[in-house]
């Protein structure tokens, strides 16, 4: 039986209207955003997100170029219909210039832009200009990608992931003043299966910091400086049991940093920092290119305690360059919970640019070995001829 032509057209139209929006773009301008850098566009952003989160397929949240969007602290909540949401910012997003002018949604003013319970999120092509608190926080989300992002002059942590699984971070640029405290570049907590590649970070604190629950983290092609280097920890403060494990850093360059690769734990803590490989590391005028410190303390009164976070199975391979301090390698481990299974191979660190001989401090290492040329000499490591 043949349908009349008009009926066919109606059926086709109905089919289109009932089909989910595959790959639809949701432009914040269509939701009332102005983009003049003065008008608060937070409400328009939240309206656009509401529709994005309901859409199926592969929706895109779009902040168009050539505009400056002022938004207050916002939280983009899941759980969304799609597992392939793209958050694309071609323009610039900025916050109010003074904290006193901030308007907090649901009293959440601990961060500026937050994503929670959003799986399959891709954030790209962004320029942020910030003034307060944590810039970008992604929480309790899986299979998230951050790429081609730039952050500048945020006075607190720039990128924070916590309670996430499956994160890919690439081509991130972070720039903060050298004298700005607590401005960690990328901070991970309770987060697993992460790759961080091709990132350039300069801050007044850790370029990358991994704290409790960070596991299976792979970092490659990292440029750090100024800043405090790549830090494992701190762990074990207030006697807590905390863990970081299965960390791999390859092809990292530290320039003018206070540390290169640092592991720091508090006395009295429990847990472990273990199974880590640091290779092809280059230092240019860093104060401590290699440092393990089981006596970390950020204030003047820290008392000796018998417990300590265990540090085990740590390898440094092909670490070269210059140290700003004469002591280029510092390994300070606990008397009661010594560091174990520390391995070094092909280490060549000299004191400043003049090429003077550097020195090393090493205390309380069990089963410490080196292979090949290791400069400076590290007294607590034994020569392993067959690694």
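Residue numbers (mature numbering (1 follows the signal peptide of the UniProt record, and there is no 0)): -23 to -1, 1 to 364.
C-beta atoms are modelled at their ideal positions from N, C-alpha and C, and glycine is treated no differently.
These figures come from a predicted structure and were not determined experimentally.
From 320, 326, 187 and 24, pick the residue whose C-alpha is nearest to that of residue 298; which is it?
326
So residue 181 packs on residue 202, CB below 8 Å; how close in whole Å?
With a Cβ gap of about 11 Å, residue 181 and residue 202 do not count as contacting.
With DSSP as the reference, please indicate the residues paired to residue 195 in a beta bridge.
172 and 225
Answer yes if the stretch 320 to 334 comes into contact with the stretch 272 to 287, meaning at least three C-beta pairs across the two stretches below 8 Å, and no otherwise.
no
With 16 other CB atoms within 10 Å as the buried threshold, where does residue 244 fall?
buried
Does the Cβ of residue 56 have 16 or more other Cβ atoms within 10 Å, making it buried, or fewer, making it exposed?
exposed
Since residue 224 and residue 209 are thought to touch, with beta carbons under 8 Å apart, how far apart are those beta carbons, to the nearest angstrom?
7 Å
Whole-angstrom Cβ separation of residue 18 and residue 66, contact assumed at under 8 Å?
Residue 18 to residue 66, Cβ: 12 Å. No contact.
How far does the beta strand (DSSP E) with residue 125 in it extend, from its first residue to its last?
119 to 129
Whose C-alpha, out of 157, 191 and 64, is nearest the C-alpha of residue 25?
64
Within 10 Å of its beta-carbon, does residue 111 have 16 or more other beta-carbons around it, so buried, or fewer, so exposed?
buried
Where does residue 24 fall in DSSP's three states?
helix
With DSSP run on the structure shown, which of helix, strand or coil describes residue 8?
helix
Judging by CA-CA distance, which residue of 14, 281, 137 and 226 is the nearest neighbour of residue 246?
281
Contact defined as beta carbons within less than 8 Å: I believe residue 236 pairs with residue 219. What is the distance between those atoms, to the nearest angstrom?
That belief does not hold up - the Cβ atoms of residue 236 and residue 219 are roughly 19 Å apart, past 8 Å.
Could you tell me the boundaries of the beta strand (DSSP E) in which residue 89 lies?
88 to 93
If you follow the beta strand (DSSP E) that residue 322 is in, where does it begin and where does it stop?
316 to 328
For residue 222, count the other beta carbons within 10 Å of its own beta carbon; 16 or more makes it buried, fewer makes it exposed. Which is it?
buried
With burial defined as no fewer than 16 other Cβ atoms inside 10 Å of the residue's Cβ, what is the status of residue 360: buried or exposed?
exposed
For a test of the three-state rule: what should DSSP assign to residue 19, helix, strand or coil?
helix
Assign residue 137 to one of three DSSP states: helix, strand, or coil.
strand
How long is the line joining the alpha carbons of residue 347 and residue 358, rounded to whole angstroms?
6 Å
Simplified DSSP state of residue 354, which is helix, strand or coil:
coil
Alpha-carbon to alpha-carbon, residue 58 and residue 35:
10 Å
May I ask which residues mark the beginning and end of the beta strand (DSSP E) holding residue 256?
247 to 263
Apart from the five residues on each side of it in sequence, which residues of its chain come closer than 6 Å, Cβ to Cβ, to residue 150?
127 and 177
Where DSSP assigns a beta bridge to residue 299, which residues make up the other side?
327
Anyone know if the C-beta pair for residue 168 and residue 145 falls short of 9 Å?
no
Length of the line joining the Cα atoms of residue 274 and residue 211
9 Å
In whole angstroms, what separates the C-alpha of residue 248 from that of residue 213?
7 Å
Would you tell me roughly how many angstroms separate the C-alpha atoms of residue -10 and residue 155, rounded to the nearest one?
Because residue -10 carries a pLDDT of 37, less than 50, the predicted location of this residue cannot be relied on, and no value is offered for it.
Under a three-way DSSP split, which group does residue 307 fall into?
strand
Is residue 294 closer than 9 Å to residue 253 when the C-beta atoms are compared?
no
For residue 233, which residues in the same chain have their Cβ closer than 6 Å to its Cβ, ignoring the five residues on either side in sequence?
202, 203 and 262
Can you tell which of 170, 207, 174 and 68 has its C-alpha closest to the C-alpha of residue 192?
170
Confirm, please, whether the CB-CB distance from residue 137 to residue 98 is below 9 Å.
no
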